[in-house]
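Protein chains in written order, with this note's numbering: chain Y, 4 to 918; chain X, 1114 to 1488.
What follows is the structure, encoded as structure tokens:
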């Protein structure tokens, strides 16, 4: 198919336009956005798709907005050797016209629906829809890689070129095989549909059958169990009956032997009585022997314990005396310690007094110094109160002084200076205002003066002349400035109470001196009063010392009174305990100095420590003595108690012996025992004879055997009852299983299983066959695909190498789409390529397809609506060359708003669309 | 034995039996047919003036059949107008949990029906005693018939009929896994006048052992292997001797058929064979086949068998004896006009089949069908 021209009228925004294309070669249609480039492609599609009476929204969409007009399209093209002119108008004044010039020059025309149908038929018969869609790249689709496997013209071309028959005629079979495969299998080869369901049904039926079979096996098991139980029951019942017969025989034997046993029991009873009597007499004899032995033993014991008691009491007495001695020593030491403590207290009080006196002396001196310091503070305060000058005032005075000097200097420079000298005898009088300097009112002879005139100066010689000099200009202001400065200085001097600045400075120096004195005196005062007012402490100390002296005096009196008593007591203790009082001296007189008093205190404390050590030792010795005495006393008490107890027991034993003898004397006891022994021996002889009779009759065994036989009978009856119970239970289950129809259930389940298995086996055979066919056919198709993809692959590589160089290679997939690209030895899937490279590869592939089909009748134009938007300048040059070469073999139409992308397309025809 | 006595002998009703090859519909109809045959025994009894009916074992398929089977059996028994004596066999042995002692049976059993649970002679009509040897376990330890007649002595005034169940030693071929019935001992008992007739069960085909020893066979066929099923025996014993007549009461057929399939003619012959069979809806056919067929003929065979399966109660290939193989020839492939990969694929499958690949045959048949339908 070749597209020659396309005319649009009242189509979207296009009022009236016709575009003519080169039948062979590249046409580039250039236009700005919205100018209607894409409408050309759209119009071509609509004229073949929709009749003129179509109500499709696609037709409504192409009517110009707000215009009641009919969109119209006219296309001229070559198709299968025919030349077609096909025009159609929709909506308003609908019409369709088709005129065809046959290859033999014959002309035909159709109108209306016939025209549409004929055009549609021709188009569909001669244009492969897959190829058409593959080679027409709509706006925004330039990146999409074509998948042209089902394009018949392409298949025809590659078949012709590769020599491999492409099984186009077998496509229905391929579809049928695929469909058959999918009936049974998923794409991943898992069972699906009825096949999968039948497999599940088989599993479910197998489970149900297994459960039903198991239930029946349990029934069979119960039947076997019941049979066994029946057999066992019969066996046990037989054995029980037989055993009960034996029991009856034993009972009869037992009745016969019971008489012998009764007699034996009687003799046994008498033997027991005789034996008891003998035991009684034996016990009496033994008791008598025991009493005799006890009296003898207790007599000996009582004597031994009395001797031990005497020894213990002696020891306890000695220990008590030792305790008394130790406690006496302890009392003495306690008293000694009290004396030592009194000495320490006296020495401590003396040291305290001496320290108070020293402190009192220091405080008195401190108070004297404090009085002096406070007088100095008062004097300095008086001086400072009188002086009114301070640093700021002196600074202000110095500033005022400088202002006066500066004002006067300015005045001297700014006003006339008049020199007046009296030359003659006539008096010269001077007067005026604003005069500066020492201006006499009258000049003496040859006296002269110089006057600065800031106001006016009147020089007169009375009666002769009077000269008035007036200052002009700024004299008045200068004068005023001088006056202000002088006035300020005077005010400050008055405030300071001085006559000039020097006096003020002198006063300031004095004030500083007084202030320093004051500060120093206050520091001293603060230092002296840091520990509180000395006077208060002097009063406290004085009062305390006075009281101490009184107390001391009183103590001295008391001590004097007590000394004789103490001394006599001391002597009493010291005499028997010289070692204790060796370091105990008579107290020395109290020293008057502190160091002496402190030495006495240390000695007293040392004496106290010694006394306390003595006390500890004495307490320990007394405690030890007490403990030893307690133990000895306890031992003596125990010995006394044991001795008394032995005496009591001896008395009791003697009494018991006497009491027993009063009943039966010792000889009678011996005789009674001998007689009892003889009786026992006689009865035992009789018992032996009876026992021999019983043994001969087997009397004892019969009873045992009967007891055992009864036990066995009970066990067998229990066993029989258990078997009966078990049989009843089993038969109950079997009755229930019969009611449940378990065998029928099993048969039904097996029937169902067989049915679903049959169905599944059938499906399995079909599924396996479908898979085998699918696999075999797919494999052969893949092999063929590989062969017939080679022509397209080689075309793409040939075109691509003109752009990318000789290392360019591609691989195609089953759909003949490019799957991978290799460049400079690097092989990548197309998805991994850059956007620009993908678009270029898509264009190259389409041009290759176009090239392949160009010689056949099914060729169609290659149309690019806006492409190459991602290529750089160098690539645009190469791709342009490629597009140009593509035009050598077929019709290439490019729609773009960027004509510079295609400036490298050789021999291209550019058509500019205006808005 | 001044007068003759006529009774009917049947066995192996095996009510509740199922046949997996029949499918649900066939199974239901066949199960009903087995009950209908019992009812027809009643009609025969009425028609022949039989004094009673004996059933020598396996009345039920199991002791644990469903309640519906028992109740329907009772209904069928009610349609027999004369006394009926049933003998427990190996399928419904008088074992623990036996159907015969169940409340379901005892509550619904018709009054004219007697179950022989003992070996004590039972006078069914004056001058006629039945002696039975009921199975008390599925695994008897000795000749299952012997307890029925071991202690008997000949009584000229009494006609004795032994009811027993089991295989005869002479017919089992030594393959039985349970003790068999001593045929010689039976014949001796008959010969010395202790027994006048021995009615046996367990063998489903009507079988004459001697003039007075018979297997009645099942009342309705249960397997294609059975020679003469579907009969009831009319037995007449008189002073002049004995007369035993099989009378058909069954309505179904189970048939094995072997075919050799090589060409269109053999296919046509099979079609004719199917066409000539009577009672198709009550007939099960088990086909054994051998041979090889071209793909079109194989497809035709499949179609025929599928269609007959709808007409007959059931038609199935006997897997064990079905060796019909596809044999595609060049003409099969050419007729499809395949080319390219499809032709290569079919050729590969054909060669695989020739090499003995069974799976390739099915695949080839499928591909042939798909190609034919797609073309």
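Note that beta-carbon positions come from the ideal geometry of N, C-alpha and C, so glycine has one too.
(1) Strictly by DSSP, which residues pair up with residue 1355(X)?
(2) What does residue 733(Y) reach in chain X if we use C-beta pairs closer than 7 Å?
(3) Please report how far the alpha carbon of residue 732(Y) lies from the alpha carbon of residue 1234(X), in whole angstroms.
(4) With a threshold of 7 Å between beta carbons, is residue 181(Y) in contact with chain X?
(5) Under 7 Å between C-beta atoms, does residue 63(Y) make it to chain X?
(6) Scan the region 737-753 of chain Y for residues whose Cβ lies nearer than 8 Å to a Cβ of chain X and list them as they occur along the chain.
(7) Where does residue 530(Y) land, buried or exposed, given buried means 16+ other C-beta within 10 angstroms?
(8) At what residue ranges does the region 1352-1402 of chain X contain a whole run of the beta strand (DSSP E), taking only runs of 3 or more?
(9) For residue 92(Y), does the three-state DSSP call read helix, strand or coil?
(10) Can you pull the chain Y residues whose beta carbon is under 8 Å from the beta carbon of residue 1129(X), in chain order?
(11) Between the Cα of residue 1484(X) and the Cα atoms of 880(Y), 178(Y), 463(Y), 155(Y), which residue gives the shortest distance?
(12) Please look up how many angstroms separate the CB atoms of residue 541(Y) and residue 366(Y), rounded, as I've assumed it's under 8 Å.
(13) What does DSSP give as the partner residue(s) for residue 1122(X) in the beta ladder?
(14) Measuring CA to CA, which of 120(Y), 84(Y), 108(Y), 94(Y) is closest to residue 101(Y)?
(15) For the alpha helix (DSSP H) that contains residue 226(Y), what are its first and last residues?
(16) Among 1461(X), 1173(X), 1468(X), 1413(X), which has the Cα closest to the Cα of residue 1375(X)?
(17) Using a 10 Å radius around the Cβ and a threshold of 16 neighbouring Cβ atoms, would you call residue 59(Y) buried or exposed?
(18) Tell me where the beta strand (DSSP E) around residue 1310(X) begins and ends.
(19) What residues in the region 194-227 of chain Y have a beta carbon less than 8 Å from any beta carbon of chain X?
(20) What are the start and end residues of the beta strand (DSSP E) that includes residue 110(Y)?
(21) Fully enclosed by the region 15-74 of chain Y, which alpha helix (DSSP H) runs are 4 residues long or longer?
(22) Near residue 1486(X), which residues of its chain fall below 8 Å by C-beta distance, leaving aside the five closest residues on each side in sequence?
(23) Is it buried or exposed, residue 1194(X), if we count other Cβ atoms within 10 angstroms and call 16 or more buried?
(24) Note down, in chain order, every chain X residue with its Cβ under 9 Å from the Cβ of residue 251(Y).
(25) Taking contact to mean at least 3 C-beta pairs separated by less than 8 Å, is the region 1240-1250 of chain X in contact with the region 1130-1146 of chain X?
(26) Can you give the Cα-Cα distance for residue 402(Y) and residue 521(Y), rounded to whole angstroms?
(27) Spatial neighbours of residue 709(Y) within its chain, please: C-beta separation below 6 Å, excluding the five flanking residues on both sides.
(28) Would you please verify whether the beta carbon of residue 723(Y) is less than 7 Å from any beta carbon of chain X?
(29) Work out the CA separation of residue 1449(X) and residue 1471(X) for me, nearest whole Å.
(30) Could you name each continuous alpha helix (DSSP H) segment of 4 residues or more that falls completely within the region 646-728 of chain Y, going from the start of the chain to the end?
(31) List the residues of chain X whose Cβ lies closer than 7 Å to the Cβ of residue 899(Y), in chain order.
(32) Note down, in chain order, each residue of its chain lying with its Cβ closer than 6 Å to the Cβ of residue 892(Y), except the 5 sequence neighbours on either side.
(33) Rounded to a whole number of angstroms, what is the C-alpha to C-alpha distance between residue 574(Y) and residue 309(Y)?
(34) Can you check which of these residues, 1125(X), 1372(X), 1382(X), 1262(X), is closest to residue 1401(X) by C-alpha distance?
(35) Below 8 Å on C-beta distance, what does residue 1483(X) contact in chain Y?
(36) Between residue 231(Y) and chain X, is the shortest Cβ-Cβ distance under 7 Å, so that the two count as touching?
Straight from the coordinates:
(1) BP columns for residue 1355(X) point to 1350(X).
(2) 1209
(3) 33 Å
(4) no
(5) no
(6) 737, 738, 740, 741, 742, 743, 744, 745, 746, 747, 748, 750, 751, 753
(7) exposed
(8) 1354-1361, 1366-1374
(9) strand
(10) 746, 747, 750
(11) 178(Y)
(12) 5 Å
(13) Its beta-bridge partners are 1167(X), 1346(X).
(14) 120(Y)
(15) Counting along the chain, the alpha helix (DSSP H) containing residue 226(Y) begins and ends at 196-389.
(16) 1413(X) is the residue among 1461(X), 1173(X), 1468(X), 1413(X) whose C-alpha sits nearest the C-alpha of residue 1375(X).
(17) exposed
(18) 1310-1314
(19) 219, 222, 225, 226
(20) Boundaries of the beta strand (DSSP E) harbouring residue 110(Y): 110-114, taken from the DSSP string.
(21) Listed in chain order, the complete alpha helix (DSSP H) runs (minimum 4 residues) inside the region 15-74 of chain Y are 40-52, 60-65.
(22) none
(23) exposed
(24) Result: empty, since nearest Cβ-Cβ is about 33 Å, beyond 9 Å.
(25) Touching, no, given that fewer than three Cβ pairs across the two stretches are closer than 8 Å.
(26) 30 Å
(27) 253, 257
(28) no
(29) CA-to-CA, the gap between residue 1471(X) and residue 1449(X) works out to about 22 Å.
(30) Counting only runs of 4 or more, we get 669-700.
(31) Within chain X, no residue comes near residue 899(Y); the closest Cβ sits about 42 Å away, beyond 7 Å.
(32) Only 854, 857 meet the Cβ criterion.
(33) Caution applies to residue 574(Y), whose pLDDT of 43 falls short of 50 and renders its modelled position unreliable; the value that the coordinates give is listed next. Roughly 48 Å between the two C-alpha positions.
(34) 1372(X)
(35) 176, 179, 180, 183, 776
(36) no
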